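Q: Counting from 1, position 336 in the sequence shown corresponds to residue 336 in UniProt numbering; the numbering is continuous, with no gaps. Quick reminder that beta carbons are idealized off the backbone N, C-alpha and C, glycines included. Fair warning: this is a prediction, and the values are worked out from it, not measured in the lab. Mind looking over this structure? Questions follow.
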Amino acid sequence: MDLLALRLSNQRLVGKKFANPEDVVAYFGAVQSQDYAGAKWSVGLRLENAHDETIERALNEGKILRTHVLRPTWHFVSPEDIRGFLELTSPRIKRVTKYYANKLGLTEAVFKQTNNIITQALVEHTYLTRQEIKTILNREGIETDVQRLGHIVANAEIDCIITSGPRRGKELTYALLDKRVPQARTMTRDESLARLTEKYFTSHGPAQIKDFAWWSGLSVKEATNGVDMIRSKFESVKMGDKIYLFSPEQKYRQTDVADVFLLSVYDEYFISYADRSDLIDEKYKRKLPVGNALLTSLIIVDGKVAGTWKRSIDRKGIKVELSPFDKLSEQNAEAVQKVVKDYGRFFGLPVEISKQ
């Protein structure tokens, strides 16, 4: 089994692309998105004729939502999945965050109060920015330093009170989940677990159970239960002491050129695995600015990390700084040049390579 080739295909970095951004998110189950611009590029890499404004429109229209659904951190998620997945993951998220919340004086009673305040404010105003929520909470006597506000807003998301609203200028807004996504039939916990598990191994396989547990934030026991529910739909293969699951339906499509990608920080191709040893050679790990590369944009060549890159964006354009681990072959250097041009085209801005 060519593990990396299958991952590239199942992750839709090669082969068939999607027509709509919401279809990308639905396929993956969730797409990590605390780096907002980077997450849109991640979605765009899986799209035909991708443009930033197309993905922005899907977010504004509520076809894609952004909330703290896994681990917990921000992810793009589909409206049809948001409630079921939050109800699945929220008990463990609350257990993980309870200690830190209590240190900040944020008890369940306080969260109940802040949820009520935020709900009432959004009933009146429909959409509110984070700063506007802060001002309203302050007016009601709730302290909101950076840490407390982050916990308060995330808790309202996890409790299915609020979700992302349309962008207002440069600012993101929040909306009531019930207004953004009218109530529909609620999935049972087992249905949600099976659905999330199937989406993960379809889009991220070949992967191990511990990879799914890491990505979802569920316990290994819960992740194993999820795999048991859907195991008949997947193939498994043992490589050394590791057992990988993957969908037999998606096959790698051989291309005439090298598969070269500029992945943004937190792209699903790298972030979604607990075991990343298949993705980077041991000799290159020391070259990463962060030991596990979780805060680093990556150059990928033929499925493996081949360097890092940075971008800066302003009204005049984009500057891309490339730092390959080794000198790129002529073919790969040309492929990188093309990807950089695609990056500029995606954002509708001129792009310049400042270093290679």
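1. Looking at H51 and I158, is the spacing between their C-beta atoms short of 8 Å?
2. To the nearest angstrom, how far is it from the Cα of A154 to the Cα of W214?
3. In whole angstroms, what separates the C-alpha of I280 from that of K316?
4. Give, in chain order, every unbroken run of the beta strand (DSSP E) that is at least 3 residues long and sits entirely within the stretch 59-130.
5. Check for me: the alpha helix (DSSP H) holding F347 runs from which residue to which?
6. Please list the terminal residues of the continuous alpha helix (DSSP H) segment that includes I152.
7. For V257, does the count of other Cβ atoms within 10 angstroms reach 16, so buried, or fall short, so exposed?
8. What residue range is occupied by the uninterrupted alpha helix (DSSP H) comprising S216?
9. So, using beta-carbon positions, are T97 and Q34 closer together than 8 Å?
10. Helix, strand or coil, according to DSSP, for I133 in the structure here?
11. Exposed or buried, what is L295 when buried is set at 16 or more other beta-carbons lying within 10 Å of its beta-carbon?
12. Spatial neighbours of S192 within its chain, please: C-beta separation below 7 Å, excluding the five flanking residues on both sides.
13. Once DSSP output is grouped into helix, strand and coil, what is the label at K319?
14. Whole angstroms is fine: what's the gap from I318's alpha carbon to K338's?
15. Might you give, ordered along the chain, the residues of its own chain that have their beta carbon closer than 7 Å to the beta carbon of S236, omitting 5 neighbours on each side?
16. What is the C-beta distance between A39 and Y273, in whole angstroms, given that I count them as a contact (C-beta under 8 Å)?
17. What's the C-alpha gap between R71 and A58?
18. Does the distance from the C-beta atom of I117 to that of L137 stay below 8 Å?
19. Would you say L122 reaches chain D, if we count a Cβ-Cβ gap shorter than 8 Å as a contact?
20. Within 8 Å, do at least three Cβ pairs link the stretch 169-189 to the stretch 42-51?
21. Report the partner residues of F18 according to the DSSP bridge assignment.
22. What do you get for T255, buried or exposed, if any count of 16 or more other CB atoms within 10 angstroms of its CB means buried?
A: Taking the definition as stated:
1. No.
2. 20 Å
3. 35 Å
4. 65-70 and 73-77
5. E330 to F347
6. V146 to I158
7. With a pLDDT of 46 at V257, under the threshold of 50, the modelled position of that residue is not reliable, and the figure given next carries that caveat. V257 sits exposed, since fewer than 16 C-beta atoms from the chains shown fall within 10 Å of its C-beta.
8. I209 to S216
9. In this structure, the beta-carbon distance from T97 to Q34 does not fall below 8 Å.
10. helix
11. So L295 ends up on the exposed side.
12. G84, F85, E87 and L88
13. strand
14. 15 Å
15. In its chain, beyond the 5 residues on either side, I243, Y244 and L245 have a beta carbon closer than 7 Å to the beta carbon of S236.
16. With a Cβ gap of about 18 Å, A39 and Y273 do not count as contacting.
17. Approximately 24 Å, taken between the alpha carbons.
18. yes
19. Absent from the structure is chain D; it holds one protein chain and no more.
20. Taking 8 Å as the limit for Cβ pairs, the verdict is that the stretch 169-189 does not touch the stretch 42-51.
21. L47
22. Its pLDDT being 48, under 50, T255 is placed unreliably in this model, and the value from its coordinates should be taken loosely. Label assigned to T255: exposed.
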